[in-house]
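Sequences listed follow chains F and R, in order.
Here numbering that gives the first Met the number 0 is used: the first residue of the first sequence is 0, the next is one more, and so on.
Here numbering that gives the first Met the number 0 is used: the first residue of the second sequence is 0, the next is one more, and so on.
Please read the structure below before turning to the comments.
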Amino acid sequence: MALKFPSVDFFRELARRMNADRATFEKLGFCDAVMGVRVLGKAPHLYALTFEVYDCTEVRELGDASEAELDFTLQAPAELWREMLESIRQHGQPAPQYTLNSLSHIGDRMQVVYEDPEGHDKLYRFMATIQAYFDNARDLEIEWA
Amino acid sequence: MAYYAPKELMTGPELIDRVVSIFTGTLGLEWMQVATERVKCTPSHPDRGLVFDDTNVGSYGWDAIPEKIRHNFSMAPRGAFQPPGLPNLGYTINRKSEVWSDNAPALYEESKSRHWVPTRAVQWAALERLGHGEDVERALAQLYTDLTSMAIVLEDVPSKWVWRINHELVELKSWLCAQMFDTAQLADVFRKRAIAGGTGLGRDYPALGEMLKGVLDSGTYPTASMAAHLLLGGTMQVLLRHIGAVSANDADQTISRFGVQDVSRIVAYGTGHIRYLLGVRPHEKAALTDHLTEMEGLLIGLLGDPLFFSALAVVTGGGRDQAAAATARVVRLYRVLCDEHLARCRAVGLERPEGRSPLAAFVREIEG
């Protein structure tokens with residue numbers, strides 16, 4: 000069954016796959032961060048993903064960033080999120096130009112929004128885990144909103 | 000300075016008599032009567048195991064460390080019973096705020112948990128088909144050579160100070176040792192990557208050496224921490240992110256992703272440390288700002304060096320012929336480095352009046 004992107008169900012499915020794949024995420028190590036995902040477009044969405052130890056423990060949609068203590072938020076237009084996810088689906092992992100690092104590094108395609116630099120640096124401290132979380136979309140059927 | 004114990008134990012009859020007495024069955028178990036605190040510690044999260052945070056209780060916890068440590072100059076770990084007559088180890092760092100960061104215990108646990116093994120994790124075979132030309136490989140090898148020197152300095156800085164730090168700060172010392180191991184491994188993988196790519200290591204040059212010397216020669220631990228963990232660590236983080244963004248090679252992708260993680264823990268410690276220090280001792284700001292300004296000047300020397308800038312332009316453009324057209328993107332990279340550095344400075348309390356950051360002035364100048 001196809002999952003709609005963006006949606007809470009989409010991110011919860013990635014979380015379910017992460018939590019089921021204990022071997023991969025234990026090897027990557029502890030990950031403790033609350034991450035925002037903002038999908039820009041005609042109908043913008045903001046999601047909060049809570050990572051704790053080896054799991055993604057909570058996914059919820061926010062009306063506003065103030066509703067959660069987000070360490071950082073990755074923000075990009077819906078089309079760019081789609082290109083990234085299509086790349087993951089095509090190769091099993093993103094092509095180098097579509098990794099979260101490549102997309103967000105300079106800030107011209109995907110922005111990293113943060114209030115506290117310690118929160119910002121969590122993106123880089125846990126980059127391998129967060130990338131692996133999104134890589135779980137590799138064989139997901141997606142219905143684009 | 001030589002150290003001589005107060006007693007000559009080898010020839011003292013007292014010790015020999017005691018050992019003979021033990022051999023004949025008089026064990027002397029008075030040491031079992033020790034008035035140390037009894038506490039219960041269990042993992043707060045079963046998947047995490049028993050971490051430092053779970054033993055932050057009572058007299059064993061770091062919350063109990065006073066700002067000025069006056070009660071323990073021995074090797075006793077915090078919370079151990081200290082009988083009279085223990086030697087003074089001569090620690091010179093006995094102030095908690097001089098070294099402490101509230102995130103240090105968790106960063107130590109994170110370092111162990113997120114440890115990676117580059118010898119096996121990096122797809123070394125990918126270097127047989129680089130996916131880029133000789134010019135780019137030469138420039139990447141130069142950047143990896145630079146990163147090797149930087150990583151060794153991030154290894155050297157804690158080693159210069161850790162033995163001077165009072166044992167009461169055991170979690171902090173453990174973190175600094177983890178940092179030393181992480182950076183030793185980073186120096187190892189950067190150097191191997193440069194060699195294995197086929198062009199060999201690049202060259203050393205004065206601008207890089209001067210900046211690293213400035214970091215290493217910082218006269219106090221707080222200035223060294225600010226220079227190494229905030230400024231140098233932040234620079235390495237941006238460089239590694241950039242390599243990940245411009246090289247499609249699988250080996251570079253892995254080194255970038257995991258190298259960024261290791262370096263970012265160090266940046267997180269530096270951020271937490273200076274924030275904690277200035278929270279307790281705000282008057283330290285003047286000395287730190289002075290050193291920060293000097294260090295930014297040395298960083299400008301590196302960023303403006305033709306070797307460093309052109310190596311970045313070659314890898315960013317994808318070749319020697321495309322390098323000139325890529326200079327604007329290198330300047331953009333410097334803008335990112337500068338903005339993130341200044342954001343950390345502001346967050347920890349090292350904000351300066353407009354126009355007082357040499358790095359910001361330099362980046363504005365080259366942006367035209």
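The beta-carbon is built from N, C-alpha and C at its ideal position, and this holds for glycine as well.
Given the structure is predicted, the values throughout are model-derived calculations rather than measurements.
Asked: Assigned exposure category for F/Asp138 - 16 Cβ within 10 Å defines buried; Found: exposed
Asked: Contact the region 137-147 of chain R vs the region 179-189 of chain R: 3+ CB pairs below 8 Å; Found: yes
Asked: Where the alpha helix (DSSP H) through R/Thr147 begins and ends; Found: Glu133 to Trp160
Asked: Pick from R/Ala63, R/Glu170, R/Asn87 and R/Ala120 that is closest to R/Glu109, judged by C-alpha positions; Found: R/Glu170
Asked: Reduced DSSP category for F/Glu23 - H, G, I as helix; E, B as strand; rest coil; Found: First, the residue type needs correcting, since residue 23 of chain F is Thr and not Glu in the sequence shown. Note: F/Thr23 maps to helix in three-state DSSP.
Asked: Closer than 8 Å to chain F by CB, R/Thr270; Found: yes
Asked: Within-8 Å CB hit, R/Phe257 to chain F; Found: yes
Asked: Residue closest to R/Ala286, alpha-carbon to alpha-carbon, out of R/Val266, R/Pro205 and R/Arg351; Found: R/Arg351
Asked: Straight-line gap, R/Met179 to R/Leu153 (C-alpha atoms, nearest Å); Found: 7 Å
Asked: Given R/Ala34 as reference, the closest of R/Ser58, R/Pro42 and R/Thr23 once Cα atoms are compared; Found: R/Ser58
Asked: DSSP state of R/Ala359 mapped onto helix, strand, coil; Found: helix
Asked: Inter-residue spacing [alpha-carbon to alpha-carbon] between F/Cys30 and F/Arg16; Found: 16 Å
Asked: Own chain residues within Cβ distance below 7 Å of F/Ala64, not counting five before or after; Found: Gly35, Leu45 and Thr72
Asked: Contact between the region 260-275 of chain R and the region 222-242 of chain R (3+ Cβ pairs under 8 Å); Found: yes
Asked: Nearest neighbour of F/Ile141, chosen from F/Phe24, F/Arg81, F/His104 and F/Glu117 [CA to CA]; Found: F/Arg81
Asked: Under 8 Å between C-beta atoms of R/Ile164 and R/Ile64; Found: no
Asked: Residue from R/Tyr220, R/Thr253 and R/Ala346 whose Cα sits closest to the Cα of R/Gly278; Found: R/Ala346
Asked: Residue-chain proximity (R/Asp16, chain F), Cβ-Cβ < 8 Å; Found: no
Asked: Contact with chain F by R/His241, beta-carbon distance below 8 Å; Found: yes
Asked: Touch test, the region 116-135 of chain F against the region 89-100 of chain F, Cβ-Cβ under 8 Å, three pairs minimum; Found: yes
Asked: Cβ contact check for the region 109-121 of chain R and the region 248-259 of chain R: 3 or more pairs under 8 Å; Found: yes
Asked: is_contact[F/Gly106, chain R] using C-beta, thresh 8 Å; Found: yes
Asked: Span separating the alpha-carbon of F/Leu13 from that of R/Gln236; Found: 28 Å
Asked: Which listed residue (R/Ala138, R/His340, R/Val335 and R/Leu106) has its alpha carbon closest to that of R/Ile194; Found: R/Ala138
Asked: F/Arg59 vs F/Ala136 beta-carbon contact at 8 Å; Found: no
Asked: Integer-rounded CB distance, given that R/Ala206 should sit under 8 Å from R/Asp304; Found: 4 Å
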